[in-house]
Amino acid sequence: MTNSSRPNFALNGPSMTPDATIHAARGDLADLALAGKLFVPHYARPMEFHAAADVSNVFSDADDQSVVIATLAKGEAFMVVDLSGGWAWGFVKDSHLVGYVPANALTPAP
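When the letters of the sequence shown are read in order and numbered with the working numbering, they come out as residues 1 to 110.
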């Protein structure tokens, strides 16, 4: 088969433009709730964790010098989509604000 005789395939279908502040979606991974609305290579079901300290910051990036976009009170739920490099990426359960929390600031939900 030559290049010109090989079949061509294209991916198409619904794909929204996510709002990075409220949609847990990035180039490689998205919240499973966005499947069928947004195309990314991988989806994950968020896992519920709770803030362990009296106050835990939610950062815009996986860097404690980045902008604090929200704070979690002790026991407040944070839905983790990805956990790597000492950081949890996901969203605040109540407000759905997306960001990063140091992994050691969270405990798994009972």
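By construction, the Cβ of each residue, glycine as well, lies at the ideal position given by its N, Cα and C atoms.
All values derive from a computational prediction rather than experimental measurement.
Extent of the continuous beta strand (DSSP E) run through residue i
{"i": "residue 18", "result": "Run containing residue 18: none; DSSP gives neither H nor E here."}
{"i": "residue 86", "result": "Element bounds for residue 86: n/a, residue is neither H nor E."}
{"i": "residue 106", "result": "106-108"}
{"i": "residue 42", "result": "42-44"}
{"i": "residue 64", "result": "Premise fails: residue 64 is in no beta strand (DSSP E) and is neither H nor E."}
{"i": "residue 30", "result": "29-31"}
Neighbourhood of residue i by C-beta, 8 Å cutoff - its chain only, sequence neighbours within 5 removed
{"i": "residue 59", "result": "66, 67, 68, 69, 99, 100 and 101"}
{"i": "residue 103", "result": "83, 86, 87 and 88"}
{"i": "residue 94", "result": "76 and 77"}
Pick from the options that is closest to residue i, judged by C-alpha positions
{"i": "residue 83", "options": "17, 73, 74 and 107", "result": "107"}
{"i": "residue 44", "options": "56, 31 and 55", "result": "31"}
{"i": "residue 49", "options": "72, 5 and 8", "result": "72"}
DSSP beta-bridge partners of residue i
{"i": "residue 81", "result": "Its beta-bridge partners do not exist; DSSP assigns none."}
{"i": "residue 54", "result": "Paired residues: none, contrary to the question."}
{"i": "residue 59", "result": "68 and 100"}
Nonlocal neighbours in the same chain, by C-beta distance under 6 Å from residue i, ignoring five residues either side
{"i": "residue 96", "result": "22"}
{"i": "residue 74", "result": "51 and 54"}
{"i": "residue 16", "result": "37 and 38"}
{"i": "residue 35", "result": "43"}
Pair within 9 Å by beta-carbon distance, residue i and residue j
{"i": "residue 46", "j": "residue 91", "result": "yes"}
{"i": "residue 80", "j": "residue 29", "result": "no"}
{"i": "residue 38", "j": "residue 25", "result": "yes"}
Cut-off 7 Å between Cβ atoms - residues of its own chain near residue i, not counting five sequence neighbours on either side
{"i": "residue 41", "result": "28"}
{"i": "residue 105", "result": "51, 52, 53 and 56"}
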